[in-house]
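K.L.:
Residue numbering for the sequence shown follows this note's numbering, beginning at 1 and increasing consecutively.
Backbone N, C-alpha and C fix where the C-beta goes; we use that ideal spot for every residue, glycine too.
Here you go, one structure.
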Amino acid sequence: MPGFDVLATAMNGANAQFIAQLYAKWISAPDSVDPDFASLFSALNDEAKSVLTDAIGASWAPRPLEFESEATPAAKPAKPPTADTRAATLDSIRALMLIRVYRVRGHLEAQLDPLGLKSPRYYSELDPKTYGFGDEDMDRPIFIDGVLGFETATMREILATVRASYCGPIGVEFMHIQDPAQKSWIQRRIEGAPWAKAFNKDEKAKILSQLTEADSFETFCQRRYVGTKRFGLEGGESTIPALHGIIETAANHGVKEIAIGMPHRGRLNTLVNIVQKPLTALFSEFGGESAKPNDVQGSGDVKYHLGTSTDITINGNQVHLSLQPNPSHLEAVDPVVVGKIRARLDMVGDKSRKSAMAIVMHGDAAFAGQGLVYETLAMSQLIGYRTGGSIHLVVNNQIGFTTVPAHAFSGLYCTDVAKAVQSPILHVNGDDPEAVVFAAHLATEFRMEFAVDVVIDLVCYRRHGHNENDEPAFTQPVMYKAIKALPTTQALYAKRLIAEGSVTEAQVKDITDT
């Protein structure tokens with residue numbers, strides 16, 4: 001039964017008053033309107049009918065001028081539309097309804113799980129048959145007035161475009177946002193699936209190199225320090241290219257300082273490959289030496305709680321990077337890192353909130369389960385606390401210790417809480433590094449444009465247990481059977497680039513060896 005989502009597109013602009021008047025006539029005399037419109041109105045659900053009723057207005061309100069002006073006495077009655085005209089009009093309305101539904105709900109059928117354990121289920125709202133388009137209608141031209149970049153398109157072309165845009169390796173939730181400019185901005189940058197052709201050969205080789213650095217670090221630690229707790233990033237190595245993408249985009253937009261807050265998962269990899277902590281210092285901590293300076297009293301802390309800072313230069317732009325220390329209390333660092341950025345902005349008098357930015361990293365279970373997440377989000381637009389928006393990167397390994405998402409939170413996604421502050425949410429398949437980096441660029445550009453929090457939900461997996469001493473197959477045998485059979489993200493991406501001719505096997509070997 002068609003509802004509000006499928007009606008909304010047809011109610012845009014000048015169509016709204018016309019359709020509302022038709023609906024009013026249909027209520028008074030169902031036989032007075034075209035049979036096809038009568039059929040459409042009778043099939044609407046209660047929510048859609050209430051929208052049309054609101055558009056008509058209260059019974060006592062002044063009525064707008066009818067399209068057929070009563071002040072034209074000599075006007076001849078308009079000829080009823082031909083069958084072809086009616087069919088073409090209904091095709092257009094129904095096609096626009098379908099396009100809008102993909103913008104709202106296309107993420108439900110996005111290909112997000114690198115393990116392939118969660119195949120998207122069927123949603124009738126995304127099926128053209130729900131709107132009256134059968135197999136025989138797939139190649140009939142339909143007028144859609146520039147939507148999706150087409151004046152006229154077949155249903156086959158429309159479906160190919162919306163499914164590539166909204167049901168591929170990136171699933172976007174943005175239609176809950178109230179600001180039309182923000183929705184339009186995302187829509188323009190998502191439709192057409194630009195991530196598929198966003199990177200040239202050099203950029204792809206750069207992404208592969210970043211993945212290789214992340215993979216090589218974890219592989220070395222696993223072999224050299226067997227059984228040592230380090231909360232490795234294996235399965236989520238695309239986090240490192242994502243962080244590079246966020247930082248580079250921010251630097252190109254004038255950000256001078258970036259503070260990172262994150263939990264234990266992947267911290268050592270981030271310290272080395274993002275914040276440039278010397279490997280000698282890190283490995284000395286593996287050997288039991290203290291990381292604290294000699295003049296600091298105290299017992300020290302475990303290596304996956306520690307932070308550091310550095311200055312880097314990107315495309316001629318200098319950026320100060322800092323990774324905040326963090327206890328084992330998940331999400332405790334969130335208000336600390338955001339508060340640090342607010343303090344920096346106040347110190348330099350930056351009212352535009354563009355010179356400093358926070359990257360706040362999370363695990364999927366903690367993002368859904370810890371109250372500090374919402375508390376920090378809730379302050380993000382308050383006077384005295386706003387920072388121009390933070391980038392939230394959720395490393396979603398689809399499990400919290402031993403708890404699967406269905407037993408951990410009640411929503412559809414672990415990121416649902418971010419909708420409370422109208423943040424756009426980019427769900428992305430962690431085994432598609434180009435889609436991940438594209439999402440990182442997009443999220444950062446959106447933050448710089450609109451000064452609001454943005455969420456990237458990087459859907460990946462955890463190759464080992466909660467820590468390296470756990471055996472996860474005891475509690476998740478099906479998941480870990482799939483993980484054991486799956487090559488690393490780096491291996492999959494290298495194979496993909498070789499197959500498409502972007503790099504050679506010799507280049508891959510050079511990248512791996514260096």
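Can you tell me where the alpha helix (DSSP H) holding Val373 begins and where it ends?
P.N.:
371 to 378
K.L.:
Sorry if obvious, but does the Cβ on Leu345 come closer than 8 Å to a heavy atom of the ligand ATP?
P.N.:
Ligands in the displayed structure: none, and consequently the ligand ATP is not present.
K.L.:
Return the chain-ordered list of same chain residues with a C-beta closer than 7 Å to the C-beta of Leu279, the five sequence neighbours on each side being excluded.
P.N.:
Val272
K.L.:
Please confirm whether Tyr461 and Leu115 have their CB atoms less than 9 Å apart.
P.N.:
yes
K.L.:
Measure the Cβ-Cβ separation of Met262 and Val162 and say whether it is below 9 Å.
P.N.:
no
K.L.:
Give me the Cα-Cα distance between Asn252 and Gly134, rounded to the nearest whole angstrom.
P.N.:
Each residue's alpha carbon lies about 48 Å from the other.
K.L.:
Would you kindly check if the distance between the Cβ of Ala250 and the Cβ of Met357 is under 9 Å?
P.N.:
yes
K.L.:
Could you tell me the distance, in whole angstroms, from the CA atom of Leu98 to the CA atom of Arg105?
P.N.:
10 Å
K.L.:
What span of residues does the alpha helix (DSSP H) with His441 cover, start to end?
P.N.:
433 to 450
K.L.:
Here's the rule: buried if 16 or more other CB atoms are within 10 angstroms of the residue's CB, otherwise exposed. What is Ser380?
P.N.:
buried
K.L.:
Taking all protein chains shown into account, do 16 or more other C-beta atoms lie within 10 angstroms of the C-beta of Leu393, making it buried, or fewer, making it exposed?
P.N.:
buried
K.L.:
Roughly how many angstroms lie between the CA atoms of Phe438 and Glu248, to the nearest whole one?
P.N.:
12 Å
K.L.:
Might you give, ordered along the chain, the residues of its own chain that have their beta carbon closer than 7 Å to the beta carbon of Thr444, omitting 5 neighbours on each side?
P.N.:
Ile246, Thr249, Ala250, Ile391
K.L.:
Within 10 angstroms of the Cβ of Arg230, are there 16 or more other Cβ atoms? Answer buried if so, exposed if not.
P.N.:
buried
K.L.:
For Ile27, collect the residues of the same chain with a Cβ closer than 8 Å to its Cβ; drop the 5 residues on either side in sequence, then sort them by chain order.
P.N.:
none
K.L.:
Should Tyr515 be labelled buried (16 or more other beta-carbon atoms within 10 Å of its own) or exposed?
P.N.:
No statement about residue 515 is possible, as the shown extent of the chain runs from 1 to 514 and does not include it.
K.L.:
Could you tell me the boundaries of the beta strand (DSSP E) in which Val162 lies?
P.N.:
From DSSP, Val162 is part of no beta strand (DSSP E) but of the alpha helix (DSSP H) over 155 to 166.
K.L.:
Find the nearest neighbour of Cys515 within the set Lys481, Glu468, Ala506, judged by alpha-carbon distance.
P.N.:
Since the first residue of the chain shown is 1 and the last is 514, residue 515 is not available in this structure.
K.L.:
So what's Gln111 in DSSP terms, helix, strand or just coil?
P.N.:
Here Gln111 carries a coil assignment [DSSP, helix/strand/coil].
K.L.:
Under 9 Å, do Ala257 and Glu237 count as touching if we go by C-beta distance?
P.N.:
Looking at the sequence itself, residue 257 is Glu, so the reference to Ala does not match. Contact flag unset, no.
K.L.:
Put Thr403 into one of helix, strand or coil per three-state DSSP.
P.N.:
strand
K.L.:
For Gly349, tell me which candidate among Ile456, Thr387, Pro80 has the shortest Cα-Cα distance.
P.N.:
Thr387
K.L.:
Does the Cβ of Pro169 have 16 or more other Cβ atoms within 10 Å, making it buried, or fewer, making it exposed?
P.N.:
buried
K.L.:
What is the rounded straight-line gap between the Cα of Ala506 and the Cα of Met361?
P.N.:
Roughly 35 Å between the two C-alpha positions.
K.L.:
Assign Gly383 to buried or exposed, taking buried as 16 or more other Cβ atoms, counted over all protein chains shown, within 10 Å of its Cβ.
P.N.:
It should be noted that the sequence gives Ile, not Gly, for residue 383. Label assigned to Ile383: exposed.
K.L.:
For the putative contact between Leu208 and Leu497, defined by C-beta atoms under 8 Å, what is the C-beta separation to the nearest angstrom?
P.N.:
Indeed they touch by this definition, with Cβ atoms about 6 Å apart.
K.L.:
With distances taken Cα to Cα, identify the nearest neighbour of Tyr131 among Tyr102, Leu321, Glu173.
P.N.:
Tyr102
K.L.:
Compute the beta-carbon to beta-carbon distance between Val395 and Leu458, rounded to the nearest angstrom, for a pair I have assumed lies under 8 Å.
P.N.:
6 Å
K.L.:
Quick one: any contact between the region 468 to 485 and the region 185 to 198, if contact means 3 or more CB pairs under 8 Å?
P.N.:
no
K.L.:
So, helix, strand or coil for Ala494, using DSSP?
P.N.:
helix
K.L.:
Could you tell me if Pro81 is buried or exposed, where buried requires 16 or more neighbouring beta carbons within 10 angstroms of its beta carbon?
P.N.:
When all chains shown are included, Pro81 counts as exposed.
K.L.:
Find out if the Cβ-Cβ distance for the pair Ser355, Arg344 is shorter than 9 Å.
P.N.:
yes
K.L.:
May I ask you to report which of helix, strand or coil DSSP gives Thr308?
P.N.:
Residue state, collapsed to three classes: strand.
K.L.:
Relative to the alpha-carbon of Gln324, which residue among Gly307, Ile142, Pro335, Glu331 has its alpha-carbon at the smallest distance?
P.N.:
Gly307
K.L.:
Thinking just about the alpha-carbon of each residue, which of Leu159, Ala435, Pro405 is nearest to the one in Glu125?
P.N.:
Leu159
K.L.:
Quick check: the Cα distance between Ser184 and Arg223, rounded to an integer number of angstroms?
P.N.:
In a straight line, the C-alpha of Ser184 is about 49 Å away from that of Arg223.
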